[in-house]
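Protein sequence lines, in the order shown, are assigned to chains L and X.
Here the first sequence stands for residues 174 to 652, numbered as in the numbering used here.
Here the second sequence stands for residues 174 to 652, numbered as in the numbering used here.
Idealized CB from N, CA, C, for every residue including glycine.
Number of protein chains: 2
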Amino acid sequence: MTKRYEDASWKESMRIKLDVNNMFAENVGEEHGYTKADVDAMQEKAKVAHKSIKAAKEAGNLGFMELPESHKEIAKEIKEFADANKGKYDNFVVLGIGGSALGNIALQTALNHPYYNLNDEARNGYPRLFVPDNVDPTRLKGLLETLDLSRTVFNVISKSGGTAETMSQFLTARAKVVEELGEDAVADHFIATTSEHSGNLIKIAKEEGMKTYYIPENVGGRFSVLTPVGLISAAFTGIDIEELLAGAAYMDQICDTDELWSNPAYLNAALQYLADQDGKPMSVMMPYAHDLKDVADWYRQLWAESLGKKVNRAGEVINVGPTPVKALGATDQHSQVQLYMEGPFDKVVTFIEVEKYKETLEIADGYEDISGVSYLGGHTFNELLTVEKQATELALTENNRLNCTVTFPEVNAFTIGQFFYMYELATAFAGELYDIDAFNQPGVELGKQYAYGVLGREGFTEKKEEFDARPEKNSDLIL
Amino acid sequence: MTKRYEDASWKESMRIKLDVNNMFAENVGEEHGYTKADVDAMQEKAKVAHKSIKAAKEAGNLGFMELPESHKEIAKEIKEFADANKGKYDNFVVLGIGGSALGNIALQTALNHPYYNLNDEARNGYPRLFVPDNVDPTRLKGLLETLDLSRTVFNVISKSGGTAETMSQFLTARAKVVEELGEDAVADHFIATTSEHSGNLIKIAKEEGMKTYYIPENVGGRFSVLTPVGLISAAFTGIDIEELLAGAAYMDQICDTDELWSNPAYLNAALQYLADQDGKPMSVMMPYAHDLKDVADWYRQLWAESLGKKVNRAGEVINVGPTPVKALGATDQHSQVQLYMEGPFDKVVTFIEVEKYKETLEIADGYEDISGVSYLGGHTFNELLTVEKQATELALTENNRLNCTVTFPEVNAFTIGQFFYMYELATAFAGELYDIDAFNQPGVELGKQYAYGVLGREGFTEKKEEFDARPEKNSDLIL
């Protein structure tokens, strides 16, 4: 059977587009807008960056670029595994945090029914999905109380196998399963997604006989949505993960050029970089579609953790990094847009627009005698949301506020795959422009080490001592 | 029966605290930290601001300050209405957007079971709560499909009665109720919360015989959580709204001083203001408690829409306003903290800590042979989350990053009421410091008018023409 994503014209019709008109002086004025010459001036740098990315990929250091190809077979296998288990579980729980959770949430919100967990009919036999993504005792206890564990499967996701939050969740869920269902039940109720070669989780998984999936060594957490990290929960909830990878592959092909003017990932990163350099450190992502709100949250990790760095590659202290901010249209017109419109000129807004929503809903007629209400009847919510986006875009533009738009023809696995890949590549490219390592996160180590120390992990007693020796709080400054 | 919030010592034990130690040079170093002299230097300004706030209150212009007193009786009446209807509805739906939605969501997440809508036992006979808070066709259609309308009540919230999103939601929900249950069902399935004296919703409500609650004329959307806007859905889901108001009253009393050093609302606003002036325009609110995450979202509207302003009171163009950012601990340690730790020195982080979570959950023992995992066993998730907060706080402080902490003894209606009030008052005070009108939102008008024009609302044809005459997009800049 031919898949739709094997049809070139369907693919072309589903291409996501980047519209940067409102980043330029013609539209937003000379004080803040860019000129084509500004972009041209970056072309040489772009060529060098492109070469550097290619070389890193060749050297096996940019694993995320290999996934659309390398994970085709793995996706097939995951799909078969999920299909074989359909009907066996009522609940699928992801135990993971950060990069091990955000992609799962983004896929779920983007591609499944908006009230998936509450609507049996819409779910059509697939399990409910839960991603607690934290170690809040109230929430976690509430979850464990709510689920029938005999009908629940947990996917434990930690590349290192040492993530304190995830391993704590796992220990506790496992003990509850053992208590209720017996030791033998562990293999049937837990999947492990981790490094194949190192860490404690792979050891435990083998010991327990858990089904195991691997995270490639050269793919970091925030780039891992197209590995089993994101694919398993998606497949279990009925998402077409092969189409998702096909979307990523399509964007890889679109972006296989070092010409800024024809590479949406590079051009986007270049303009965002320029804006950050020019005193606009905040990058707002504002989809006008509820199903894309958690994709904006996924982006928030990708952009912040990759580009927020103390040192450049030469080791010089530079303390750089734009701050990604997520917003939601039309909702945040009633919350954030006042600031975006009138506050300091310190932001770039990236709108996301959807040409064809999954559903059409008419605004019903009514109150013909009240013109301030009746004008709405006969329109659709689709129109209303689109018009609100265009109206906000125009108002921001007329107020000289930099903005751009990513357009989705539809929200489906193919377009979401494109989006993930486009932003991952933009991140790698931005890393080149900032001249930093976009793939590490040294800044979170210190806090982790203090926590390990206090919790009594072996090898961290020194950190515990440092923690205990922290200055006492001045009680005059607590009120 | 005596209520616990009538007991002075219980109240004192439930007082939320503001810890600003890490805003000062002693802890975060001289380059970024403040000195006591910096605060003292603002004392005169604070006295003037306090007078101005008092005068505005006397003049009836600061309605939010009256609510703890003026809404005592109204809260009682709402509670009686909700109690009388317990068991009648399975679903309570809020139709509203922005300030008419965020408070409802914040209260629900903060005070009800974490899986409230999915857990019948935890819900204990109260209806499920839905706040679609947008006009997304997919989501709204999905919601209407999911609900049994014969067991559903909608609270339509719009002060002006002209909010396009809310009135569209209402028209459509109403038509569905009429279609399924008949014309006569409207009064039984819709509540209106709106201005008593003006607008279309009050007209409609009277015509339809809907139960009606009023939003005081002198309370704007983002300050309205303690009016029927937030109180009705809370009461219907079992939240003690009288305790909520008592919390606000308690904070009002605490903050009844013009001394910066003893007024947590003022001191907080003053320090945030200083930081913004000193090149730190981002104010991150990061609770270490899942139940406070939507309180941070509520704050995001309050702070952004109130303080993001183009002109000062003299009408001079100043384009000011800090950008509030919401984050969540420990989750965002795996997403945003890398940036907060190593990026530019452009943020203040406000942690929220909870001393006693609603539940205690132990981390189970296991894998005694694997020390990198077994050290977790025997601790609680409560400890883990608290230690992670303190570890992150210490690491940020050692990296010279400004931060402060709001501590909740517990998350309950009394402490949440304090929190709302403290931040509302801080916002009014910050408005004085910026010398702007913190209670209007002129910047959202233009976008609204374009939308009205395009949708054909009477009186907006000129705006439609302007919209239609917008410059065409250059297709070279779309890729």
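Tell me, please, whether the CB atom of residue i is closer than 9 Å to any CB atom in chain X?
i	result
glutamine 474(L)	yes
asparagine 225(L)	Note that residue 225(L) is serine in the sequence shown, not asparagine. No, serine 225(L) does not count as interfacial toward chain X.
asparagine 391(L)	no
serine 368(L)	no
histidine 463(L)	yes
tyrosine 623(L)	yes
valine 617(L)	yes
tyrosine 178(L)	no
serine 371(L)	no
phenylalanine 654(L)	No information on residue 654(L) is available, as it lies outside the stretch 174 to 652 that chain L covers here.
serine 186(L)	no
Could you give the residue range of the alpha helix (DSSP H) that holds residue i?
i	result
asparagine 655(X)	The structure shown does not extend to residue 655(X), since chain X spans only 174 to 652, so no value can be given for it.
tyrosine 207(L)	Counting along the chain, tyrosine 207(L) falls outside any alpha helix (DSSP H), and DSSP gives it neither H nor E.
aspartate 464(X)	No alpha helix (DSSP H) contains aspartate 464(X), which DSSP labels as neither H nor E.
glutamate 635(X)	634-641
lysine 230(L)	216-231
asparagine 441(L)	437-450
aspartate 425(L)	414-427
phenylalanine 139(L)	Outside the modelled stretch of chain L, which goes from 174 to 652, sits residue 139(L), for which no answer is possible.
Looking at C-alpha atoms only, which residue of the options is the closest neighbour of residue i?
i	options	result
proline 241(X)	Val493(X), Tyr461(X), Leu417(X)	Leu417(X)
phenylalanine 237(X)	Gly276(X), Met458(X), Asn391(X), Tyr386(X)	Asn391(X)
proline 437(X)	Ala603(X), Met595(X), Ile278(X), Phe265(X)	Met595(X)
aspartate 306(X)	Thr325(X), Leu374(X), Asp470(X)	Asp470(X)
glycine 276(X)	Thr400(X), Leu320(X), Asn195(X)	Thr400(X)
threonine 319(X)	Leu302(L), Gly335(L), Gly315(L), Asn290(L)	Asn290(L)
threonine 496(X)	Ser331(L), Glu515(L), Pro582(L), Lys482(L)	Glu515(L)
valine 329(L)	Met458(L), Trp476(L), Arg347(L)	Arg347(L)
arginine 473(X)	Ser331(X), Ala229(X), Glu535(X), Ala279(X)	Ala279(X)
asparagine 492(X)	Ile525(X), Gln450(X), Met458(X), Asp256(X)	Gln450(X)
glycine 372(L)	Ala255(L), Ser331(L), Thr559(L)	Ser331(L)
lysine 245(X)	Ser456(X), Asp413(X), Lys637(X)	Asp413(X)
valine 627(L)	Met383(L), Val546(L), Asp641(L), Leu440(L)	Asp641(L)
lysine 314(L)	Ser341(L), Val468(L), Tyr299(L)	Ser341(L)
tyrosine 173(L)	Glu203(L), Leu302(L), Ala219(L)	Within the shown structure, residues of chain L are numbered from 174 to 652, placing residue 173(L) beyond reach of any answer.
phenylalanine 593(X)	Asn194(X), Ala232(X), Asp425(X)	Asp425(X)
methionine 458(L)	Ala408(L), Lys562(L), Phe197(L), Tyr262(L)	Lys562(L)
valine 148(L)	Thr366(L), Tyr461(L), Glu645(L)	With chain L covering only 174 through 652, there is no way to say anything about residue 148(L).
glutamate 204(L)	Asp519(L), Asp649(L), Glu597(L)	Asp519(L)
So, is the C-beta of residue i closer than 9 Å to a C-beta in chain L?
i	result
asparagine 200(X)	yes
methionine 424(X)	no
alanine 219(X)	no
threonine 533(X)	yes
isoleucine 330(X)	no
lysine 190(X)	yes
glycine 206(X)	no
alanine 537(X)	yes
phenylalanine 592(X)	no
isoleucine 525(X)	no
leucine 654(X)	Residue 654(X) lies beyond the range of chain X shown here (174 to 652); nothing can be said about it.
serine 323(X)	no
Need the endpoints of the beta strand (DSSP E) that residue i sits in, please.
i	result
tyrosine 387(X)	384-387
Using a Cβ cut-off of 9 Å (strictly closer), state whether residue i contacts chain A.
i	result
arginine 486(X)	Given the protein chain composition of this structure (L and X), no chain A is represented.
Problem set entry | Complete alpha helix (DSSP H) runs within the segment 326-370 of chain X (minimum length 4 residues, chain order) | Here the runs fully enclosed are 337-354, 359-362.
Problem set entry | Cβ-based contacts, 7 Å cut-off: residues of the segment 549-563 of chain X near chain L | From the segment 549-563 of chain X, only Leu549, Gly550, His552, Thr553, Phe554, Asn555, Leu557, Leu558, Val560, Glu561 have a Cβ closer than 7 Å to chain L.
For this session: Below 7 Å between beta carbons is the criterion; list the residues of the segment 339-358 of chain L that meet it against any residue of chain X, in chain order.
Result: Listed by position along the chain: Met340, Ser341, Leu344, Thr345, Arg347, Ala348.
For this session: Determine which residues of the segment 427-460 of chain X have a Cβ less than 8 Å from any Cβ of chain L, and write them out in chain order.
Result: Hits within the stretch, in order: Trp434, Ser435, Asn436, Pro437, Leu440, Pro454, Met455.
For this session: Note down, in chain order, all residues in the segment 408-420 of chain X with a beta-carbon under 9 Å from any beta-carbon belonging to chain L.
Result: Legend: CB atoms of the segment 408-420 of chain X lying less than 9 Å from CB atoms of chain L are not found in any residue.
Exercise. Of all the residues that make up the segment 511-522 of chain X, which are near chain L by a beta-carbon distance shorter than 8 Å?
Worked result: Of all residues in the segment 511-522 of chain X, only Gln511, Leu512, Tyr513, Met514, Glu515, Gly516, Pro517, Phe518, Asp519, Lys520 place a beta-carbon less than 8 Å from a beta-carbon of chain L.
Problem set entry | Every unbroken beta strand (DSSP E) inside the segment 239-308 of chain L [3 residues or more] | At a cut-off of 3 residues, the continuous stretches assigned as beta strand (DSSP E) that sit fully inside the segment 239-308 of chain L are 264-268, 301-303.
Problem set entry | Under 7 Å (Cβ pairs) to chain X, residues found in the segment 629-641 of chain L | Going along the segment 629-641 of chain L in chain order, one finds Gly629, Arg630, Glu631, Phe640 with a Cβ nearer than 7 Å to chain X.
Problem set entry | Whole runs of the alpha helix (DSSP H) within the segment 579-652 of chain X, excluding any shorter than 4 residues | DSSP runs (the alpha helix (DSSP H)) wholly in the segment 579-652 of chain X: 586-607, 618-628, 634-641.
Exercise. Taking a cut of 9 Å between CB atoms, which residues from the segment 563-576 of chain L lie near chain X?
Worked result: For the segment 563-576 of chain L, which is checked against every Cβ of chain X, the residues closer than 9 Å are Gln563, Ala564, Thr565, Glu566, Leu567, Ala568, Leu569, Thr570, Glu571, Asn572.
For this session: Name, going along the chain, the residues of the segment 302-313 of chain X whose beta-carbon falls closer than 7 Å to a beta-carbon of chain L.
Result: Under the 7 Å Cβ criterion, the segment 302-313 of chain X contributes Asp306, Asn307, Val308, Asp309, Pro310, Thr311, Arg312, Leu313.
Exercise. Along the chain, which unbroken stretches of the beta strand (DSSP E) at least 3 residues long are found entirely within the segment 509-583 of chain L?
Worked result: Listed in chain order, they are 520-529, 576-583.
Problem set entry | Interface positions of the segment 239-272 of chain L facing chain X (Cβ-Cβ less than 8 Å), listed along the chain | The segment 239-272 of chain L vs chain X, Cβ under 8 Å: Ile270, Gly271, Gly272.
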